[in-house]
Every structure is written in C-alpha cells, then in structure tokens.
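Structure, as structure tokens:
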Amino acid sequence: MTNLWRALRRNLLTPNVSSTSLDVRGFHVKDQSTRELLETIGRTFLKGYAMAAESGSPTAVEPLLEDIATRFRGFSYEGAAMCFAVLDALPFGGNRIAEFLAGRGKAHSYMVHVGIGWAMARLPGFRWHRLQAPDPMLRWLVLDGYGFHQAYFHTDRYVHRQYRRERFPWPPTGPSWYPDRAIDQGIGRAMWFVGGADPKIVAGLIDRFPKSRRPDLYSGAGLAASYAGGAGEAELRWFARHAGRYRTQVCQGAVFAATARVHAGLVVPHTELATRVFCDMDPQQAADLSDRLRPGSSDQPDPDGTPAYETWRQRIAGAFVSV
Numbered sequence: 001m002t003n004l005w006r007a008l009r010r011n012l013l014t015p016n017v018s019s020t021s022l023d024v025r026g027f028h029v030k031d032q033s034t035r036e037l038l039e040t041i042g043r044t045f046l047k048g049y050a051m052a053a054e055s056g057s058p059t060a061v062e063p064l065l066e067d068i069a070t071r072f073r074g075f076s077y078e079g080a081a082m083c084f085a086v087l088d089a090l091p092f093g094g095n096r097i098a099e100f101l102a103g104r105g106k107a108h109s110y111m112v113h114v115g116i117g118w119a120m121a122r123l124p125g126f127r128w129h130r131l132q133a134p135d136p137m138l139r140w141l142v143l144d145g146y147g148f149h150q151a152y153f154h155t156d157r158y159v160h161r162q163y164r165r166e167r168f169p170w171p172p173t174g175p176s177w178y179p180d181r182a183i184d185q186g187i188g189r190a191m192w193f194v195g196g197a198d199p200k201i202v203a204g205l206i207d208r209f210p211k212s213r214r215p216d217l218y219s220g221a222g223l224a225a226s227y228a229g230g231a232g233e234a235e236l237r238w239f240a241r242h243a244g245r246y247r248t249q250v251c252q253g254a255v256f257a258a259t260a261r262v263h264a265g266l267v268v269p270h271t272e273l274a275t276r277v278f279c280d281m282d283p284q285q286a287a288d289l290s291d292r293l294r295p296g297s298s299d300q301p302d303p304d305g306t307p308a309y310e311t312w313r314q315r316i317a318g319a320f321v322s323v
C-alpha cells in the first residue's frame with residue numbers, strides 16, 4: 001500500500017513532461033542539439049521532482065539524485081526542492097526543505113532555494129508563509145526561481161508584455177523595493193530558454209525592456225548561459241560585446257553560475273568556457289571571488305536598506321568594471 005500511495009502521489013504532484021517541449025512552450029529553436037539540451041534540462045528537473053514526490057523523503061531521494069549525469073544533476077536537485085517545498089506548504093507538511101539542506105542538498109543550496117521559488121509560483125499566496133528559505137542571504141533566490149517560472153510558463157505576459165507585479169508581498173521582512181529586482185533576475189535567466197540559447201534572440205528580448213530592468217535581466221541571462229549552456233565561444237563573445245554597459249552584470253551572473261557548480265562539484269566544460277569568455281577566469285577562480293566578496297555577519301548594513309544579497313552582487317559586478 002505504501003508503494004502504491006507513493007506512485008499515486010508522484011502522478012498527482014508531478015507536472016506533465018510535455019510542458020518542457022520547446023514547441024509546446026513556443027520558444028525559439030536554434031538547432032536540434034540545443035533543443036535537446038534545453039529539453040533535457042526540463043525533463044531532468046521534472047525527474048527530480050517526480051523522484052522526490054514518490055520517495056517523500058530527502059534521505060531516500062538523495063542517492064537517486066546523485067545518479068543523474070553531472071551536467072544535469074543540479075536541475076534534478078532543483079526539481080526535488082520544488083516538490084519538498086510544495087509538500088512542506090501543505091497542511092501538516094513537515095520540514096523537508098530543512099532536512100534536504102542538512103544533507104546532500106547543502107552543496108546545492110543555490111538550486112534548492114531556486115526550486116522553492118518554483119513551489120511559490122504553484123502555491124496559493126496564503127500558503128507562502130509555510131515556505132522555508134533557511135539562508136537569509138540566498139532567500140532572494142526564491143524570487144529568482146519564481147521569476148523564472150513565470151517567464152517560462154507565462155511567457156507572453158512576463159516576457160513579451162513585460163508584466164511586473166506591484167508590491168510583491170514576499171518575503172515578509174526586507175525592503176519592499178527589492179523583490180521586483182530579484183524576480184527580474186529569474187526572468188532574465190528564463191529568457192535564455194525562451195530564446196533557445198541563441199544570444200541574439202535573447203539580447204533582442206532583453207533590449208525591449210526599459211533600461212532600468214536590463215541590468216538584472218542581463219545578469220540572469222549570463223547566469224543561465226554559464227550554468228545551463230547551449231552557446232559556443234563565438235556566440236558568448238558576441239553576447240558579452242553586445243551587453244555593453246551591462247557586461248559587468250553578465251559577469252556577475254556567470255560568477256554565480258560557476259560558484260553553484262563548484263560548490264556542488266558539478267563543473268563542466270561549458271561553464272569553464274563561459275567564465276573564461278565573460279570573466280577571464282576559470283570556475284574555481286570565479287567561485288573564490290564570489291566567496292571572498294560575500295558579505296559576512298560583521299559587515300555593516302547599507303544605510304538605504306539594500307539587502308546583503310544585492311551588496312554581494314554589486315561587489316562581484318564591480319570587480320569587472322575594468323572590462
């Protein structure tokens with residue numbers, strides 16, 4: 001009966017895999033190999049979600065996630081985190097996210113917090129108070145994940161019509177002006193998928209937005225280009241040149257991507273290529289930069305209430321001003 005219930009829960013909770021098809025989504029298709037890459041990322045995310053739904057336990061699902069190929073494993077952790085966050089938010093849900101981050105999920109903390117944002121997008125607002133974002137610095141990645149979800153599944157509204165919700169009500173503490181910024185970072189990341197990893201298409205989408213939103217959008221796109229991949233060296237160099245005044249934000253996104261992969265032990269050739277092109281660094285050097293510039297408990301808060309997370313991003317971008 002237990003196995004039957006787990007299989008039923010998996011079927012009830014798991015989104016349909018057809019939703020990851022670029023044709024279903026209406027996304028740009030650059031070529032067949034890139035299509036397969038982006039769709040594999042989506043399928044792997046849902047596979048992680050499904051395995052978490054069926055197992056119901058971070059301890060039980062961890063060995064399954066560790067069997068996923070290196071290039072895609074982070075996405076499976078992201079999907080599992082979404083599932084555990086959904087389960088936690090249900091009545092009598094428990095504390096699976098905290099348990100996940102206490103185990104192997106700790107090395108994937110960036111992806112886990114982004115996965116919580118996917119859960120936020122699927123849950124009614126009155127359940128958001130149940131969402132756990134244990135790291136006060138990385139909690140803004142929850143809104144990054146929310147923004148990615150909205151741009152991925154509601155592309156016309158969030159990308160083409162550039163919708164932005166006023167006075168976003170989460171998190172309950174912190175500056176009310178910053179959630180829009182964090183959500184835009186996720187929207188920019190999703191644009192790498194909407195544009196089929198074609199830098200010219202992606203840049204064209206971003207450049208239609210007001211200039212005030214472009215820094216965060218370019219940052220998100222730079223992160224996706226470096227973490228997910230899908231573009232060659234010439235394409236990445238074109239994107240870096242075209243970004244112009246926003247190139248430091250592209251560098252910052254690449255540094256975050258490299259840091260996430262280095263901390264998880266998932267460094268792959270396309271991340272090495274992206275950090276070299278964008279930052280003139282290898283992934284380990286980028287991760288070291290990120291760790292060195294991350295605000296600590298002894299850092300004084302900014303007088304204007306700027307979150308430490310944004311201070312961190314600005315410090316990283318500032319390191320590339322000479323570019």
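Mapping to the working numbering: the sequence shown position 209 is 209, numbers consecutive. Just so it is clear, CB atoms sit at the ideal spot from N, CA and C, and this is done for glycine as well. None of these values were measured; they are calculated from a predicted model.
- [ ] In angstroms with no decimal places, state the Cα-to-Cα distance between ALA224 and PRO215.
- [x] Their backbone Cα atoms lie some 14 angstroms apart in a straight line.
Task: Rounded straight-line distance, which links the Cα of ALA60 to that of TRP5 - done: Unreliable positioning characterises TRP5 in this predicted model, as indicated by a pLDDT of 44, which lies under 50. The coordinate reading is nonetheless provided below. About 16 angstroms.
TODO: Take TYR163 and list the residues in its own chain whose beta-carbon comes closer than 6 angstroms to its own, dropping the five residues that flank it on each side.
DONE: The residues are ARG157.
Task: Whole-angstrom distance between LEU143 and GLY117, CA atom to CA atom - done: C-alpha separation (whole angstroms): 6 angstroms.
Task: Separation of VAL321 from ASN11, as counted between CA atoms - done: Per-residue confidence for ASN11 stands at a pLDDT of 47, beneath the threshold of 50, marking its modelled position as unreliable; no derived number is given.
Open item on the list: If I follow the unbroken alpha helix (DSSP H) through ARG247, where does it start and stop?
Closed with: If you look at ARG247, you'll find it in the alpha helix (DSSP H) that goes 247-264.
- [ ] Could you say if the region 235-244 and the region 45-59 meet the contact criterion of at least three C-beta pairs nearer than 8 angstroms?
- [x] No: fewer than three Cβ pairs fall under 8 angstroms.
- [ ] Round the Cβ separation of TYR227 and ARG261 to the nearest angstrom and send it over; I've been treating them as touching at under 8 angstroms.
- [x] Yes, they are in contact, since the Cβ atoms of TYR227 and ARG261 sit about 7 angstroms apart, within 8 angstroms.
- [ ] Give the straight-line distance between the Cα atoms of ILE68 and LEU266, rounded to the nearest whole angstrom.
- [x] Each residue's Cα considered, the two are about 11 angstroms apart.
Open item on the list: Which residue wins for smallest C-alpha separation from ALA254, given the options MET51, SER290, ALA264?
Closed with: ALA254 has its Cα closest to that of SER290, out of MET51, SER290, ALA264.
TODO: Please determine, among MET137, HIS263, GLU233, ARG292, the residue with the shortest C-alpha to C-alpha distance to ASP280.
DONE: Nearest option by C-alpha distance: GLU233.
Open item on the list: Nearest by alpha-carbon distance to GLY318: which of VAL250, TRP170, ARG237 is it?
Closed with: Taking only the C-alpha atoms, the option nearest GLY318 is VAL250.
TODO: Measure the C-alpha to C-alpha separation of ASP23 and GLN314 and round it to an integer number of angstroms.
DONE: Note on geometry: alpha-carbon atoms of ASP23 and GLN314 lie some 37 angstroms from one another.
Task: Cβ separation of GLU78 and GLY115, assumed to be a contact under 8 angstroms, to the nearest whole Å - done: That belief holds up - the Cβ atoms of GLU78 and GLY115 are roughly 4 angstroms apart, short of 8 angstroms.
Task: Cβ neighbours of ALA190 in the same chain (closer than 6 angstroms, five flanking residues each side left out) - done: Around ALA190, the same chain offers PHE148, ALA151, TYR152 as residues with beta carbons nearer than 6 angstroms, after the five sequence neighbours per side are excluded.
Open item on the list: Along the chain, where does the alpha helix (DSSP H) containing PRO283 start, and where does it finish?
Closed with: PRO283 -> alpha helix (DSSP H) spans 283-293.
Task: Residue range of the unbroken alpha helix (DSSP H) whose run includes PRO202 - done: Note on identity: in this sequence residue 202 is Val, with Pro being the wrong assignment. Taken as a continuous stretch (DSSP letters only), the alpha helix (DSSP H) holding VAL202 covers 199-206.
Task: Separation of GLY94 from HIS154, as counted between CA atoms - done: Near 30 angstroms, if we compare the C-alpha coordinates of GLY94 and HIS154.
Open item on the list: If I measure Cβ to Cβ from LEU123 and keep anything under 7 angstroms in the same chain, skipping five residues before and after, which residues do I get?
Closed with: Result list for LEU123: VAL86, ALA89, in chain order.
Task: Cutoff 7 angstroms; reference ASP282; Cβ partners in own chain excluding five residues on either side - done: Short of 7 angstroms from the beta carbon of ASP282, and not among the five residues preceding or following it, lie these beta carbons of its own chain, in chain order: GLU272, THR275, ARG276.
Open item on the list: With the cut-off set at 8 angstroms, would you say TRP170 and PRO199 are in Cβ contact?
Closed with: The Cβ-Cβ distance between TRP170 and PRO199 does not fall below 8 angstroms.
TODO: Write down the C-beta distance between ILE41 and PHE84 rounded to the nearest angstrom, noting that I regard them as a contact closer than 8 angstroms.
DONE: Their Cβ separation, rounded to whole angstroms, is 20 angstroms, which puts ILE41 and PHE84 out of contact at 8 angstroms.
- [ ] For LYS211, count neighbouring C-beta atoms within 10 Å of its own C-beta (all shown protein chains included) and say buried if the count is 16 or more, exposed if not.
- [x] By the neighbour-count definition (other C-beta atoms within 10 Å, threshold 16), LYS211 is an exposed residue.
TODO: Measure the alpha-carbon distance for ILE183 versus ILE201 and round it to whole angstroms.
DONE: As the crow flies, the alpha-carbon of ILE183 is around 21 angstroms from that of ILE201.
Task: SER76 classed as buried or exposed, judged by whether at least 16 other C-beta atoms fall within 10 angstroms - done: By the neighbour-count rule (16 or more Cβ atoms within 10 Å), SER76 is buried.
Task: Residue from GLY196, GLY145, ILE187 whose Cα sits closest to the Cα of GLU235 - done: Selected option, being the one with the closest Cα: GLY196.
- [ ] Starting from LEU123, trace the alpha helix (DSSP H) both ways and give me its first and last residue.
- [x] Under the DSSP assignment, LEU123 falls outside any alpha helix (DSSP H); it carries neither an H nor an E label.
- [ ] Please work out which residues of its chain come closer than 6 angstroms, Cβ to Cβ, to ILE97, disregarding the five sequence neighbours upstream and downstream, and give them in chain order.
- [x] Result list for ILE97: PHE84, ALA85, ASP88, GLN132, in chain order.
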